[in-house]
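In this note's numbering, the protein residues as written are 1203 to 1515.
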Ligand code: FAD
Ligand code: NAP
């Protein structure tokens, strides 16, 4: 049965940006509805230790997100498990359709849909995805106890995943296309000190190979980015950690975007190209992409929405 709900503020997304917007919009007495999406808690639910959330030396990502959800709820935010499949920003009230059949109408919308893992785009990567190829070490690392693993990428995610995977793997090879990592120095230091990790510079995955029955990975063929030479690395697990792309599909034809899909906001604010629509977190940010910066933008979006609604009445 289809159902219809109206709210002053609809928050789409349940990462640090969405939940912080939920806390602030609730405290502004706006009775917000927050729709969680397919990944309640967002990207931090796919990691282990978070060591840069101020006030807590170390906390597990999923625990931090459960705390944020409880905080938003305690302040009065209504949290709904649903996925927005369609969003119409052409007229007000704005209309969002949920996968559950519910239609949400809202006077203001806060977009906090974050980002999704990028893939290399190789046919053999696609073939073995879920059968040896993964983008989430915390989800799948346990399957590779005592096995050899490769990780692709040179950012914080790749280095953290390589370090985490040494808890299970007999050996981890980090494959990077350059000879310099863009990860933080503290992580690089841990990487170089870890005897289970070998770094392969100037290489890219050319092909993932394995068995068909049962479907499973046996290794990767890697290509030297300068010489083109192909070599073989045996591995049971292949973890792709080459960054994330903004989840802007819902609004890509409705809002101004920048840097290949990030939602544009006016400098120093969370206002998008449509009045009443605000954007926060990794969805708008190609530069910092941190939990704390996303939370900060979630706060700004709720304050911007409050001001927008107050000016109207
Ligand atoms: P996200 O966390 O990406 O959440 C997006 C939300 O939107 C999700 O809840 C999703 O379900 C929802 N959504 C998407 N589409 C829809 C839809 N159609 N309908 C409804 N909801 C939808 N940052 C740090 O500061 N410290 C760290 O230690 C750290 N570690 C990390 C480790 C890993 C492995 C990764 C991948 C990232 C890490 N980051 C870390 C970065 C941090 O996770 C992100 O910057 C942050 O989560 C972004 O928050 P966000 O709220 O913008 O979006
Ligand atoms: P990222 O910083 O964008 O790094 C992506 C890496 O993948 C880069 O090294 C890049 O190589 C490589 N790459 C991209 N496309 C590739 C391709 N097609 N083939 C091979 N390699 C490819 O992404 P991220 O590591 O996921 O981090 C995203 C954001 O989350 C960052 O802001 C990061 O700081 C944050 N984060 C923070 C933490 C933390 O604070 N502890 C942990 C994880 C993530 P080049 O270097 O050559 O471009």
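Virtual Cβ for every residue (Gly too), placed ideally from N, Cα, C.
Whole-angstrom C-beta distance between residue j and residue i, which should lie under 8 Å
{"i": "residue 1327", "j": "residue 1442", "result": "7 Å"}
{"i": "residue 1211", "j": "residue 1310", "result": "5 Å"}
{"i": "residue 1381", "j": "residue 1404", "result": "6 Å"}
{"i": "residue 1274", "j": "residue 1215", "result": "Residue 1274 to residue 1215, Cβ: 12 Å. No contact."}
{"i": "residue 1385", "j": "residue 1376", "result": "Wrong, their Cβ atoms sit about 10 Å apart, outside the cutoff."}
{"i": "residue 1312", "j": "residue 1482", "result": "6 Å"}
{"i": "residue 1390", "j": "residue 1361", "result": "7 Å"}
{"i": "residue 1412", "j": "residue 1343", "result": "With 8 Å as the limit, residue 1412 and residue 1343 do not qualify as a contact, their Cβ atoms being about 18 Å apart."}
{"i": "residue 1506", "j": "residue 1458", "result": "Not quite, the Cβ-Cβ distance comes to about 16 Å (not below 8 Å), so this is no contact."}
{"i": "residue 1418", "j": "residue 1437", "result": "With a Cβ gap of about 11 Å, residue 1418 and residue 1437 do not count as contacting."}
{"i": "residue 1373", "j": "residue 1350", "result": "5 Å"}
{"i": "residue 1265", "j": "residue 1259", "result": "The Cβ separation is near 13 Å, so there is no contact."}
{"i": "residue 1478", "j": "residue 1510", "result": "6 Å"}
Under 8 Å between C-beta atoms of residue i and residue j
{"i": "residue 1425", "j": "residue 1408", "result": "yes"}
{"i": "residue 1486", "j": "residue 1502", "result": "no"}
{"i": "residue 1448", "j": "residue 1317", "result": "yes"}
{"i": "residue 1250", "j": "residue 1241", "result": "no"}
{"i": "residue 1314", "j": "residue 1220", "result": "yes"}
{"i": "residue 1359", "j": "residue 1399", "result": "no"}
{"i": "residue 1355", "j": "residue 1444", "result": "yes"}
{"i": "residue 1232", "j": "residue 1508", "result": "yes"}
{"i": "residue 1270", "j": "residue 1238", "result": "no"}
{"i": "residue 1410", "j": "residue 1289", "result": "no"}
DSSP bridge partner residues for residue i (one or two, in chain order)
{"i": "residue 1312", "result": "1213 and 1480"}
{"i": "residue 1288", "result": "1299"}
{"i": "residue 1280", "result": "1235"}
{"i": "residue 1464", "result": "1460"}
{"i": "residue 1274", "result": "Looking at the DSSP assignment, residue 1274 forms no beta bridge with any residue, so it has no partner."}
CA nearest to the CA of residue i, picked from the options
{"i": "residue 1428", "options": "1451, 1300 and 1379", "result": "1379"}
{"i": "residue 1446", "options": "1431, 1320, 1249 and 1474", "result": "1320"}
{"i": "residue 1308", "options": "1284, 1285, 1235 and 1254", "result": "1235"}
{"i": "residue 1496", "options": "1217, 1334, 1473 and 1247", "result": "1217"}
{"i": "residue 1208", "options": "1243, 1294 and 1266", "result": "1294"}
{"i": "residue 1491", "options": "1233, 1245, 1228 and 1393", "result": "1245"}
{"i": "residue 1370", "options": "1261, 1356, 1402 and 1339", "result": "1339"}
{"i": "residue 1213", "options": "1300, 1475 and 1341", "result": "1300"}
{"i": "residue 1488", "options": "1323, 1466, 1330 and 1423", "result": "1466"}
Problem - Every unbroken alpha helix (DSSP H) inside the segment 1218-1244 [4 residues or more] - result: List check, alpha helix (DSSP H) in window: 1218-1229.
Practice task
Enumerate, from N- to C-terminal direction, the unbroken beta strand (DSSP E) stretches of 3 or more residues contained entirely within the segment 1350-1404.
Solution key: The DSSP assignment places complete beta strand (DSSP E) segments of no fewer than 3 residues inside the segment 1350-1404 at 1350-1354, 1373-1377 and 1399-1402, in order along the chain.
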